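Peer 1: One structure is given below, represented as structure tokens, and several questions about it will come after.
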């Protein structure tokens with residue numbers, strides 16, 4: 001963990017190093033992935049069965065058996081403890097409500113020249129949702145990826161989840177049913193993405209693919225981009241906590257560790273105007289680490305990427321935060337909205353001393369799929385907008401053409417596009433009224 | 436040009452061939468482009484000066500001279516004929532009005548559990564706009580790319596345009612000034628994208644890059660993706676015209692040719708319920724080709740990629756259109772809105788017998804940067820949304836945590852993330868009121 005102080009001479013260099021700390025573990029898997037995609041495109045279902053047997057050690061009698069049956073989902077859902085089922089329901093209800101409130105309205109306007117223009121939102125027909133298997137299978141991510149698609153009006157949501165050695169996570173299947181997933185396949189890795197993007201006899205292709213995955217999945221999504229839409233490739237998670245000395249140091253320590261326990265490459269940064277408070281938080285972090293189950297991961301993240309920055313005032317904190325453009329931002333001061341109003345770049349903000357980021361990971365309502373690695377400068381979290389697209393339209397009659405057609409003809413001629421000009425000129429002065 | 440009829444036995448195969456006709460001319464320039472980017476990242480301005488001298492045959496005394504001066508823009512703007520200046524003004528006014536009407540509203544809601552959630556839109560800080568040089572320099576594209584950014588509230592819009600042998604297009608500079616571009620650089624190709632994405636001493640880096648370009652520019656944008664946001668890589672243009680027999684065949688022929696004259700890889704498709712009308716349109720296309728300045732390009736496009744499809748009824752036409760998901764769609768029937776209501780996938784629609792697509796290329800108002808190659812299934816045209824991003828936020832106090840914290844703790848434990856659970860549990864039952 002690094003200590004930084006804006007008053008120190010070397011601060012700017014240290015802070016720049018923090019900004020440049022990519023924390024990426026890029027592995028070159030392009031060739032392997034393109035080979036798998038080529039195989040699935042050429043041999044279809046047969047390739048899926050073979051790859052799943054070899055890579056996930058699960059033998060499907062045939063490709064049809066790759067699909068998880070409704071009975072299997074029933075059984076898995078029934079096996080979920082009541083307390084967990086209720087917690088899932090609370091999360092689903094709140095996530096759905098927040099995303100429903102985001103739904104945009106269509107636009108229609110008629111101007112003084114008599115031209116009517118508009119914009120209409122339509123849902124994507126079919127979406128593919130990738131869910132990692134094993135330990136990384138998070139039911140909360142199933143809700144966060146599938147519910148916005150369902151709220152947007154996507155008719156078909158096809159989920160792929162690897163089941164290594166046949167292992168199924170009941171809570172993941174329960175979340176998928178709750179979120180309105182319409183089909184689930186025992187498929188993982190690049191072969192799952194290939195099946196979703198290009199389709200096979202069994203797996204119909206989709207129009208857009210979302211969901212987190214390992215390096216093979218990320219590269220497969222890159223290679224499928226253009227053929228289908230994809231979400232952004234997520235990097236390691238991060239949090240910036242703005243906290244004054246009036247907070248409980250243990251609260252802040254736990255918030256920093258909640259981020260750190262995700263991944264050794266995760267990053268937790270505390271920005272405070274109280275150096276003494278910073279020291280108390282650092283002590284609390286060490287104390288909590290001594291008993292934390294995932295202490296090895298969280299400790300490595302905190303040691304390698306963690307930071308405590310002391311600032312002279314909150315305007316400095318706001319400026320540093322905008323440069324960091326963090327995925328998660330907690331604002332733990334008396335009037336958090338005053339600081340939020342000055343934040344231009346952040347994926348998601350959590351306001352108040354009693355509003356930890358982890359609340360947003362599960363039940364607050366806003367999405368937990370967020371832009372990482374400073375991409376909040378230009379990117380946003382997952383939302384209904386990821387599953388909608390726009391069709392703009394123009395309605396004009398002969399009168400409208402007479403009013404504005406001339407400008408179009410002039411510009412078309414200036415650009416040397418005569419057929420453009422003629423197609424407009426041919427309508428000017430004429431009449432579109434049927435005799 | 437191909438004739439198709441839904442009544443023919445071989446129709447489905449022929450139509451599938453039409454769908455699979457990628458029309459892409461992919462050239463492998465990855466290595467060249469990554470070399471140029473590496474050079475600009477390593478040597479900065481010196482590399483920009485050398486590459487511009489070598490590739491665009493324009494010698495800058497130093498990197499500062501790469502920036503087009505305000506005086507040069509004044510002179511260029513003053514040299515634009517009044518008629519063209521007025522046409523640009525009409526276009527800018529209408530494009531700005533339509534995009535201003537798109538601006539989304541922030542969201543804020545408080546639920547029964549007392550949790551306040553919201554969503555706030557912020558503009559990207561800095562945008563880079565690439566404009567091709569030479570013949571492909573379209574002033575209309577400058578308006579269509581820059582105005583949505585300005586309307587969204589982007590403070591800095593940096594434009595790069597190559598000036599081969601020093602040649603400047605006055606109308607392009609006039610459009611840039613009208614659209615609120617804040618700086619213009621004599622830079623083209625991959626070196627322009629590298630300068631915008633990574634920055635040099637002279638060129639400050641941007642957060643997002645938009646605008647069309649050749650294969651080198653497209654590949655450079657691909658390689659910069661993640662470092663900055665990029666718009667979608669546009670393919671060859673296309674139009675689908677739905678027209679009944681009551682239309683003037685010449686009008687439809689000119690609309691098909693307006694698309695075809697862009698590029699030999701462009702595609703124009705007429706779908707009609709009147710085979711005789713289709714034949715008259717085909718004849719009119721040949722007649723117009725005999726006098727069209729860009730007949731060589733338009734003729735090649737029509738011969739290789741054009742099609743006339745005869746349908747039994749309009750429901751068939753709607754189904755085929757949704758499968759084509761065209762960039763541009765003209766609906767030339769008596770009640771075009773009835774058909775539009777059934778179209779799920781199209782970039783932009785033009786309604787009525789007197790509303791040619793070319794009107795939308797210049798002055799209608801909606802953007803002319805649209806999804807090509809069937810990507811309208813999941814993608815949208817350029818809009819203010821491309822220059823805005825969202826920050827979601829949550830505000831909760833001790834009471835709210837008591838209400839929903841339990842569900843978060845349960846799910847965090849189920850996912851094996853104990854620090855997540857503890858960070859929530861630590862706030863439950865406590866009080867956030869200051870003593």
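Chains as they are written, first to last, in the numbering used here: chain A, 1 to 435; chain B, 436 to 870. Where is the CB? At the ideal position from N, CA and C, for every residue including glycine. Owing to the predicted nature of the structure, the values given are computational and were not obtained by experimental measurement.
Could you check the C-alpha separation between residue 202 (chain A) and residue 63 (chain A) for me, to the nearest Å?
Peer 2: Looking at the two C-alpha atoms, the distance is approximately 7 Å.
Peer 1: Would you say residue 356 (chain A) faces chain B, with C-beta separation under 8 Å as the test?
Peer 2: It does; some Cβ of chain B falls within 8 Å.
Peer 1: What distance in whole Å lies between the Cβ atoms of residue 251 (chain A) and residue 861 (chain B), which are believed to be in contact at a cut-off of 8 Å?
Peer 2: Correct: roughly 6 Å between the Cβ atoms.
Peer 1: Can you check which of these residues, B:509, B:745, B:718, B:519, is closest to residue 710 (chain B) by C-alpha distance?
Peer 2: Here the closest residue by C-alpha is B:745.
Peer 1: Whole angstroms are fine: how far does the CA of residue 586 (chain B) sit from the CA of residue 790 (chain B)?
Peer 2: If I take the Cα positions, the gap works out to 26 Å.
Peer 1: Nearest-angstrom Cα distance between residue 492 (chain B) and residue 621 (chain B)?
Peer 2: Using only the alpha carbons, I get a separation of about 11 Å.
Peer 1: Determine the extent of the beta strand (DSSP E) in which residue 350 (chain A) is found, giving its start and end residues.
Peer 2: Here the beta strand (DSSP E) through residue 350 (chain A) covers 348-351.
Peer 1: Using three-state DSSP, classify residue 434 (chain A) as helix, strand or coil.
Peer 2: Note on residue 434 (chain A): pLDDT 47, under 50, position unreliable in the model; the coordinate value appears next. Coil, per DSSP.
Peer 1: Once the 5 residues before and after residue 753 (chain B) are set aside, which same chain residues still bring their CB inside 7 Å of it?
Peer 2: For residue 753 (chain B), where only same-chain residues beyond five positions count, the Cβ hits under 7 Å are 774, 777, 778.
Peer 1: Find out if the Cβ-Cβ distance for the pair residue 210 (chain A), residue 131 (chain A) is shorter than 8 Å.
Peer 2: Taking 8 Å as the Cβ cut-off, residue 210 (chain A) and residue 131 (chain A) do not qualify as a contacting pair.
Peer 1: Pull up the CB-CB distance for residue 439 (chain A) and residue 351 (chain A), whole angstroms please, since I reckon it's below 8 Å.
Peer 2: Chain A is shown from 1 up to 435; residue 439 (chain A) falls before or after that span and cannot be answered.
Peer 1: Please list the partners that residue 216 (chain A) has in chain B, where partner means a Cβ-to-Cβ separation under 9 Å.
Peer 2: Those within 9 Å of residue 216 (chain A) in chain B number zero; the least Cβ separation is about 18 Å.
Peer 1: Would residue 66 (chain A) be called buried (16 or more neighbouring beta carbons within 10 Å of its own) or exposed?
Peer 2: Counting Cβ neighbours within 10 Å, residue 66 (chain A) comes out buried, since at least 16 surround it.
Peer 1: Determine the extent of the alpha helix (DSSP H) in which residue 70 (chain A) is found, giving its start and end residues.
Peer 2: Start and end: 70-78.
Peer 1: Can you have a look at residue 684 (chain B) and say buried or exposed, based on whether 16 or more other CB atoms are within 10 angstroms of its CB?
Peer 2: Burial call: buried.
Peer 1: Just reading off the beta strand (DSSP E) that residue 549 (chain B) is part of, what are its end residues?
Peer 2: It is not in any beta strand (DSSP E) - residue 549 (chain B) carries neither H nor E in the DSSP assignment.
Peer 1: Here's the rule: buried if 16 or more other CB atoms are within 10 angstroms of the residue's CB, otherwise exposed. What is residue 19 (chain A)?
Peer 2: Exposed is the call here.
Peer 1: For residue 544 (chain B), count neighbouring Cβ atoms within 10 angstroms of its own Cβ and tell me buried if that reaches 16, exposed if not.
Peer 2: Exposed is the call here.
Peer 1: Alpha carbons only, please: which of A:320, A:334, A:118, A:271 is nearest the one belonging to residue 306 (chain A)?
Peer 2: Taking only the C-alpha atoms, the option nearest residue 306 (chain A) is A:271.
Peer 1: Compute the Euclidean distance between the alpha carbons of residue 243 (chain A) and residue 332 (chain A), then round it to the nearest angstrom.
Peer 2: Taking the straight line joining both Cα atoms gives about 5 Å.
Peer 1: Rounded to whole angstroms, what's the CA-CA distance from residue 6 (chain A) to residue 640 (chain B)? Just pull it up for me.
Peer 2: Roughly 24 Å between the two C-alpha positions.
Peer 1: Which residues of chain A have a Cβ atom closer than 8 Å to the Cβ of residue 628 (chain B), listed in chain order?
Peer 2: Under the 8 Å cutoff, chain A gives no residues; its nearest Cβ is about 15 Å from residue 628 (chain B).
Peer 1: What three-state label does DSSP hand residue 637 (chain B) in the structure shown?
Peer 2: Looking at residue 637 (chain B) - three-state DSSP - the assignment turns out to be coil, as it is neither helix nor strand.
Peer 1: Quick one: Cα of residue 44 (chain A) to Cα of residue 223 (chain A), how far?
Peer 2: Distance between the alpha carbons of residue 44 (chain A) and residue 223 (chain A): 17 Å.
Peer 1: What does the alpha-carbon distance come out to for the pair residue 86 (chain A) and residue 750 (chain B)?
Peer 2: Whole-angstrom Cα-Cα distance: 46 Å.
Peer 1: Within the continuous alpha helix (DSSP H) that includes residue 487 (chain B), where are the two ends?
Peer 2: Note, residue 487 (chain B): alpha helix (DSSP H), 480-490.
Peer 1: DSSP puts residue 556 (chain B) in a beta bridge; with which residues?
Peer 2: Paired residue(s): B:825.
Peer 1: What does the alpha-carbon distance come out to for the pair residue 448 (chain B) and residue 439 (chain B)?
Peer 2: Taking the straight line from one Cα to the other gives about 10 Å.
Peer 1: Restricting to runs no shorter than 4 residues, where is the alpha helix (DSSP H) found entirely within the segment 581-647 of chain B?
Peer 2: Correct list: 605-613, 624-633.
Peer 1: Compare the C-beta of residue 581 (chain B) with all C-beta atoms of chain A and state if any pair is closer than 8 Å.
Peer 2: No, residue 581 (chain B) lies away from the interface with chain A (no Cβ there is under 8 Å from its Cβ).
Peer 1: Between the alpha carbons of residue 463 (chain B) and residue 451 (chain B), how many angstroms are there, rounded?
Peer 2: Their Cα atoms are separated by approximately 27 Å.
Peer 1: Measuring CB atoms only, is the segment 171-178 of chain A touching the segment 404-415 of chain A, in the sense that at least three cross pairs come out at less than 8 Å?
Peer 2: As far as the Cβ criterion goes, the segment 171-178 of chain A does not touch the segment 404-415 of chain A, which means the pair count is below three.
Peer 1: Taking residue 292 (chain A) as the query, report the chain B residues whose CB atoms sit under 9 Å from its CB, ordered along the chain.
Peer 2: The contacting residues are 853, 854, 857.
Peer 1: Does the structure place the segment 819-834 of chain B close enough to the segment 545-561 of chain B that three or more beta carbon pairs sit under 8 Å?
Peer 2: Segments in contact, yes.
Peer 1: Measuring straight from C-alpha to C-alpha, what distance separates residue 371 (chain A) and residue 324 (chain A)?
Peer 2: Whole-angstrom Cα-Cα distance: 12 Å.
Peer 1: Take residue 163 (chain A) and list the residues in its own chain whose beta-carbon comes closer than 7 Å to its own, dropping the five residues that flank it on each side.
Peer 2: Counting only Cβ-Cβ distances below 7 Å, and skipping sequence neighbours, we find 56, 58, 133, 186.
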